[in-house]
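Asker:
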Amino acid sequence: MNLSSPEVAAARRVRAHAADEEARYRAAAELDAADAEDRHVLLALLGDASWRVRLAATERLAAAADVAPLLSPLVGLLTAGETIGARDAAANALARLGPRALDPLISTLHAADPDHRLAAAGVLGDIGDRRAVAALADALADADANVRSTAAEALGRIGAPAAMPALVAALEAEDATLRLAALGALAALRACPPVDGLAPLLEDRALRRPVYRLLGASDDPAALLVLARGVSERTRGAREAALAGIGQQRARRPREELGPVEVEARAAAERDPGVADACAASLGSEEPFVVVGAITVLGWIAAPRHVAALLRLAEDDRLRPLVDDAIARLAPGRELKAAIAEAIQEQGPFGRSSALAALARMGSPAALESVIRDASDPDALVQGEAISALGRLGEARAVAPLAGLLGDDSPGTSSRAANALVEIGRVSPAAHRAALAAVRDRAGASPSAALYRVLGALGGAEDVPRIAAGLRSDAVVRRVAAAGAVAALAERGLARGCHVPELIAALTDPAWPVRAAAARAFVALATANAAARDGDPRSGEHPVCAEALAALRATLHDPEPTVRAGAAEALGATRRADEAPALAALLEAPDAPPVIVVAALHALAVIGSPPLDVVTRAAAHADPEVVKEAVAVAAGLPGPAAARLLLEAAASPRWDVRRAAAAAMAARGDPALAGEAARRAADDPDPLVARAFADAAAALAPR
1 MNLSSPEVAA ARRVRAHAAD EEARYRAAAE LDAADAEDRH VLLALLGDAS WRVRLAATER
61 LAAAADVAPL LSPLVGLLTA GETIGARDAA ANALARLGPR ALDPLISTLH AADPDHRLAA
121 AGVLGDIGDR RAVAALADAL ADADANVRST AAEALGRIGA PAAMPALVAA LEAEDATLRL
181 AALGALAALR ACPPVDGLAP LLEDRALRRP VYRLLGASDD PAALLVLARG VSERTRGARE
241 AALAGIGQQR ARRPREELGP VEVEARAAAE RDPGVADACA ASLGSEEPFV VVGAITVLGW
301 IAAPRHVAAL LRLAEDDRLR PLVDDAIARL APGRELKAAI AEAIQEQGPF GRSSALAALA
361 RMGSPAALES VIRDASDPDA LVQGEAISAL GRLGEARAVA PLAGLLGDDS PGTSSRAANA
421 LVEIGRVSPA AHRAALAAVR DRAGASPSAA LYRVLGALGG AEDVPRIAAG LRSDAVVRRV
481 AAAGAVAALA ERGLARGCHV PELIAALTDP AWPVRAAAAR AFVALATANA AARDGDPRSG
541 EHPVCAEALA ALRATLHDPE PTVRAGAAEA LGATRRADEA PALAALLEAP DAPPVIVVAA
601 LHALAVIGSP PLDVVTRAAA HADPEVVKEA VAVAAGLPGP AAARLLLEAA ASPRWDVRRA
661 AAAAMAARGD PALAGEAARR AADDPDPLVA RAFADAAAAL APR
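Heads up: the sequence shown at position 682 corresponds to 682 in UniProt numbering, and the numbers run straight through without jumps.
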């Protein structure tokens, strides 16, 4: 039977009211919100008893191109739907419509019925559009307590820095529920108000947990002392919130800045011996920052009896460095040795490795020998952890066995061994000599890529011949590593005046990774020598001599884009104006890959101010990486045209370009851009970008 299109549509609408749930669900998925009759049925289905049917109707309504006929009935259902399901479905549909639903929802914030205002505030938070911030901030003063707290929560979900002043003011309200919601919103914004305004809120037990967690995001050193006192809290919830704040601060600050917290935590533990046990109990928390804070505090307050619980956490890769650091900070002595020795039997492989390393650090020869043996364990995970532990120990007796692991046959093992040797070599002059002697002894008979890495990190100019031999190796991986070693020496200021013809030859190596590594090495060499040249390269200046310059210019035509980009960077790093034309020519090629355009732009900026027209063309490039480089370069160019380029980038549809524009505005230092940066901070829909514009506005504001 053939049905005409109107008949098909009518049949669909009939099925949408069928008793069978599956029939209604399938019909809802076929209805068209652009059709007035279908739209009426879809709106009715938002109140269906089946959540599947309601969801299908919501999705069809959200897909509508023209939302004007939907807004009024959806807001009506949101505020006056007969069932909770209907109201929730309407809220979901409005949230899916996004910014197109803003105007009626903002208007509903002024409705007479507080339930209507409440519903509108919740949906505005779900939409997350910053244009609703001002209206929601006004709603913090609503006559209804539920509306006030929902508005605060919505501001937190939107994530607009512009909401911070209103939320901070809400902390002084008499409404305890509003204060709690405002704290939660500020935590979502990661915006901590001044500590002297937060500390009094700790008098309210209901607010302690959010206050401590918020202090974890504070840049004020005073927050550290408040958090340290929080470890003495009697209730587990408040104490763990303080530990979470300490964990956040541990992730945000260098360890030396946490000194005041350590002193206060130790004092708290001396006053109350139960603090250590309470922190140990929090090691089992499911919240990561609580665990980080508990590990940190236990390391400060020297509680050997909890070392077994700490070691168990070493099985987690993310926590192992924190555990090792905490145990290393415990006061060495008989009690700690006995506790570790007793705990070692019940540990997994990584806890055992951490325990052995701790005993070796305290002078146990047997433990050190065990770690050294584990460095050759057939289990790659155990071996890798043992090698890393030897590096952290900085024990010169581990040099020989580690040097024996530098072969090319196992890249992962040799890389870890190289890292460990470098760590040991930086412990003391004696350890440095031992590590360097070991790799030099092996350089002739057993060269490897990892060995060249160690020479680059620990060696000196006298090692250049050894490294040059690596550039002549038959193995590509060794030639690449040797070029990297030359770069490492240059970055350490130890390659001045060294002529390395092998590196120049590497620019024409058959393997493009070698050519790329050689070009990167010349970037480091040129950068290190640009400000302190030995002479004119045309007269034999080394290491960037006339021969090297000619080779780099030729490399600008290499078939591999990465190699050409490296050569461009190297020529720019010489800071020689006569290299600018060749670099500018790279930008003229219409088919130039983005990596080359970025490198040439950067190189021209290093040499001097590139032409504005070149930068402007790059700012209109299709590749965002090119655009971001152009924006960064424009920050240093004089004149209003360069400033306009930054403003255009600030309006880009791409969040990363807008963020680059914010950073460029701050770097430019032009106070005339402060107003635009502040406006962007209030309006940008991306929280990270909005924060970047806020930082730029603060940097550009008159002082």
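Built from N, CA and C at the ideal position, the CB exists for glycine as well.
Remember, predicted model here, so these are calculated numbers, not experimental data.
(1) Suppose contacts are defined by Cβ-Cβ distances below 8 angstroms. Is leucine 310 in contact with cysteine 279 by that definition?
(2) Helix, strand or coil, according to DSSP, for aspartate 695 in the structure here?
(3) For the region 190-201 and the region 218-230, state whether three or more C-beta atom pairs, one from each stretch, are separated by less than 8 angstroms.
(4) Is isoleucine 301 helix, strand or coil when you go by DSSP?
(5) Is leucine 313 buried or exposed, if buried means 16 or more other CB atoms sit within 10 Å of its CB?
(6) What's the gap between the Cα of arginine 416 and the Cα of proline 429?
(7) Taking C-alpha atoms, which residue in Asn419, Ala400, Gly460 lies nearest to arginine 442?
(8) Could I get the ranges of all uninterrupted alpha helix (DSSP H) runs contained in the region 496-525, with 4 residues as the minimum, in chain order?
(9) For aspartate 441, which of helix, strand or coil comes out of DSSP?
(10) Just to confirm before moving on: does the CB-CB distance between alanine 217 and alanine 681 stay below 8 angstroms?
(11) To the nearest angstrom, how far is it from the Cα of aspartate 695 to the Cα of methionine 164?
(12) With 16 other CB atoms within 10 Å as the buried threshold, where does glutamine 249 fall?
(13) Which same chain residues, not among the five before or five after threonine 177, have their C-beta less than 7 angstroms away from its C-beta?
(14) Spell out a yes or no on whether the region 367-376 and the region 435-454 are touching, meaning 3 or more CB-CB pairs, one atom from each, closer than 8 angstroms.
(15) Measuring alpha carbon to alpha carbon, tell me which of Ala548, Arg520, Ala143, Ala238 ends up nearest alanine 111.
(16) Spatial neighbours of glycine 184 within its chain, please: C-beta separation below 7 angstroms, excluding the five flanking residues on both sides.
(17) If contacts are defined as beta-carbon pairs under 8 angstroms, then leucine 583 and alanine 619 qualify, I think. What distance do you get, rounded to the angstrom?
(18) Closest to aspartate 409 by C-alpha separation, out of Ala267, His557, Ser446, Pro99, would be which residue?
(19) Determine the direct distance from the alpha carbon of glutamate 82 to that of alanine 34, and round the result to whole angstroms.
(20) Taking the Cβ atom as the reference point for each residue, do isoleucine 673 and leucine 637 lie within a distance shorter than 8 angstroms?
(21) What residue range is occupied by the uninterrupted alpha helix (DSSP H) comprising alanine 660?
(22) Where do the N-terminal and C-terminal ends of the alpha helix (DSSP H) with cysteine 279 fall, by residue?
(23) Going by the CB atoms, is the gap between alanine 519 and alanine 585 shorter than 8 angstroms?
(24) Please list, in chain order, all residues of the same chain as glycine 652 whose beta carbon is under 6 angstroms from its beta carbon, the five residues on each side excluded.
(25) For arginine 26 and leucine 55, what's the separation of their Cα atoms in angstroms?
(26) What is the rounded straight-line gap between the Cα of proline 561 and the Cα of phenylalanine 522?
(27) Classify tryptophan 51: buried if its beta carbon has 16 or more other beta carbons within 10 angstroms, exposed otherwise.
(28) Using only CA atoms, which one of Thr296, Arg654, Trp655, Leu647 lies nearest to alanine 678?
(29) Out of curiosity, what's the CA-to-CA distance linking valine 261 and alanine 89?
(30) Nearest-angstrom Cα distance between proline 687 and aspartate 129?
(31) In whole angstroms, give me the CA-to-CA distance for methionine 1 and arginine 24.
(32) Could you round the C-beta distance between alanine 506 and leucine 471 to whole angstroms and report it? I think they count as a contact, below 8 angstroms.
(33) Between Ala160, Leu43, Ala457, which lies nearest to valine 67 when the distance is taken from Cα to Cα?
(34) For alanine 461 and glutamate 541, what's the separation of their Cα atoms in angstroms?
(35) So what's valine 14 in DSSP terms, helix, strand or just coil?
Answerer: On the basis of the data shown:
(1) The sequence position of residue 310 within the sequence shown is 310, counting from 1. The sequence position of residue 279 within the sequence shown is 279, counting from 1. It is not a contact, given that the beta carbons lie outside the stated cut-off.
(2) Counted from its first residue, the sequence shown places residue 695 at position 695. The answer is helix: DSSP assigns aspartate 695 an H, G or I state.
(3) yes
(4) As a first step, residue 301 is located in the sequence shown; it is residue number 301 there, counting from the start. DSSP places isoleucine 301 outside both helix and strand once states are collapsed to three, so it counts as coil.
(5) If you number the sequence shown from 1, residue 313 lands on position 313. Under this definition leucine 313 is a buried residue.
(6) Along the sequence shown, read from residue 1 onward, the residue named residue 416 stands at position 416. Along the sequence shown, read from residue 1 onward, the residue named residue 429 stands at position 429. Inter-residue distance for arginine 416 and proline 429 is about 22 angstroms (C-alpha atoms, whole angstroms).
(7) Within the sequence shown, the letter at position 442 stands for residue 442. Comparing Cα positions, the closest option is Ala400.
(8) 501-506
(9) By one-based count along the sequence shown, residue 441 stands at place 441. It is helical.
(10) Working through the sequence shown from its first residue, we reach residue 217 at position 217. Working through the sequence shown from its first residue, we reach residue 681 at position 681. Going by C-beta atoms, alanine 217 is not nearer than 8 angstroms to alanine 681.
(11) Numbered from its first residue, the sequence shown carries residue 695 at position 695. Numbered from its first residue, the sequence shown carries residue 164 at position 164. In a straight line, the C-alpha of aspartate 695 is about 14 angstroms away from that of methionine 164.
(12) As a position in the sequence shown, residue 249 is number 249, starting the count at 1. Its Cβ being crowded by 16 or more others within 10 Å, glutamine 249 is buried.
(13) Residue numbering aside, residue 177 sits at position 177 when the sequence shown is read from its first letter. Result list for threonine 177: Ala145, Ser149, in chain order.
(14) Cβ pair count under 8 angstroms is below three, so no.
(15) Along the sequence shown, one-based indexing puts residue 111 at 111. Alanine 111 has its Cα closest to that of Ala143, out of Ala548, Arg520, Ala143, Ala238.
(16) For the purposes of this step, residue 184 is taken as the residue at position 184 of the sequence shown. Sequence-distant Cβ neighbours of glycine 184 in its own chain, meaning closer than 7 angstroms and more than five residues away, are Glu153, Gly156, Pro210.
(17) In the sequence shown, counting from the first residue as 1, residue 583 sits at position 583. In the sequence shown, counting from the first residue as 1, residue 619 sits at position 619. Not confirmed; about 18 angstroms, so no contact.
(18) Taking the sequence shown and counting its residues from 1, one reaches residue 409 at position 409. That would be Ser446, whose Cα lies nearest to the Cα of aspartate 409.
(19) Taking the first residue of the sequence shown as position 1, residue 34 is located at position 34. Taking the first residue of the sequence shown as position 1, residue 82 is located at position 82. If you take the alpha carbons of alanine 34 and glutamate 82, they lie about 25 angstroms apart.
(20) Counting from one through the sequence shown, the residue named residue 673 turns up at place 673. Counting from one through the sequence shown, the residue named residue 637 turns up at place 637. Looking at the sequence provided, one finds leucine at residue 673 rather than isoleucine. For leucine 673 and leucine 637, no; Cβs fall outside 8 angstroms.
(21) Here residue 660 refers to the residue found at position 660 of the sequence shown. Annotation for alanine 660: the continuous alpha helix (DSSP H) segment containing it runs 655-668.
(22) By one-based count along the sequence shown, residue 279 stands at place 279. First-last of the alpha helix (DSSP H) with cysteine 279: 274-281.
(23) Position 585 of the sequence shown holds residue 585. Position 519 of the sequence shown holds residue 519. In this structure, alanine 585 sits away from alanine 519, with a CB-CB distance that is not shorter than 8 angstroms.
(24) Here residue 652 is taken as the residue at index 652 of the sequence shown, counted from 1. Reading off the sequence shown, one finds serine at residue 652, where the question assumed glycine. Excluding residues within five positions, the ones whose Cβ falls inside 6 angstroms are Arg658.
(25) To locate residue 26, count along the sequence shown from 1; it is residue 26. To locate residue 55, count along the sequence shown from 1; it is residue 55. C-alpha separation (whole angstroms): 11 angstroms.
(26) Counted from its first residue, the sequence shown places residue 561 at position 561. Counted from its first residue, the sequence shown places residue 522 at position 522. Roughly 16 angstroms separates the two Cα atoms.
(27) Within the sequence shown, residue 51 is the residue found at index 51, counting from 1. The residue in question, tryptophan 51, is exposed, as its Cβ has fewer than 16 Cβ neighbours within 10 Å.
(28) As a first step, residue 678 is located in the sequence shown; it is residue number 678 there, counting from the start. For alanine 678, the nearest C-alpha among the options comes from Leu647.
(29) Indexing the sequence shown from 1 puts residue 261 at position 261. Indexing the sequence shown from 1 puts residue 89 at position 89. Distance from the CA atom of valine 261 to the CA atom of alanine 89, rounded to whole angstroms, is 49 angstroms.
(30) As a position in the sequence shown, residue 687 is number 687, starting the count at 1. As a position in the sequence shown, residue 129 is number 129, starting the count at 1. Taking the straight line from one Cα to the other gives about 11 angstroms.
(31) Position 1 of the sequence shown, counted from the start, is the residue given in the question as residue 1. Position 24 of the sequence shown, counted from the start, is the residue given in the question as residue 24. Because the pLDDT at methionine 1 is just 36, under 50, the model does not fix this residue reliably, and the value given afterwards should be weighed accordingly. Roughly 22 angstroms separates the two Cα atoms.
(32) Position 506 of the sequence shown, counted from the start, is the residue given in the question as residue 506. Position 471 of the sequence shown, counted from the start, is the residue given in the question as residue 471. With a Cβ gap of about 6 angstroms, alanine 506 and leucine 471 count as contacting.
(33) Residue 67 sits at position 67 when you count from the first residue of the sequence shown. Measuring from the Cα of valine 67, the nearest candidate turns out to be Leu43.
(34) The sequence position of residue 461 within the sequence shown is 461, counting from 1. The sequence position of residue 541 within the sequence shown is 541, counting from 1. If you take the alpha carbons of alanine 461 and glutamate 541, they lie about 16 angstroms apart.
(35) If you number the sequence shown from 1, residue 14 lands on position 14. The answer is helix: DSSP assigns valine 14 an H, G or I state.
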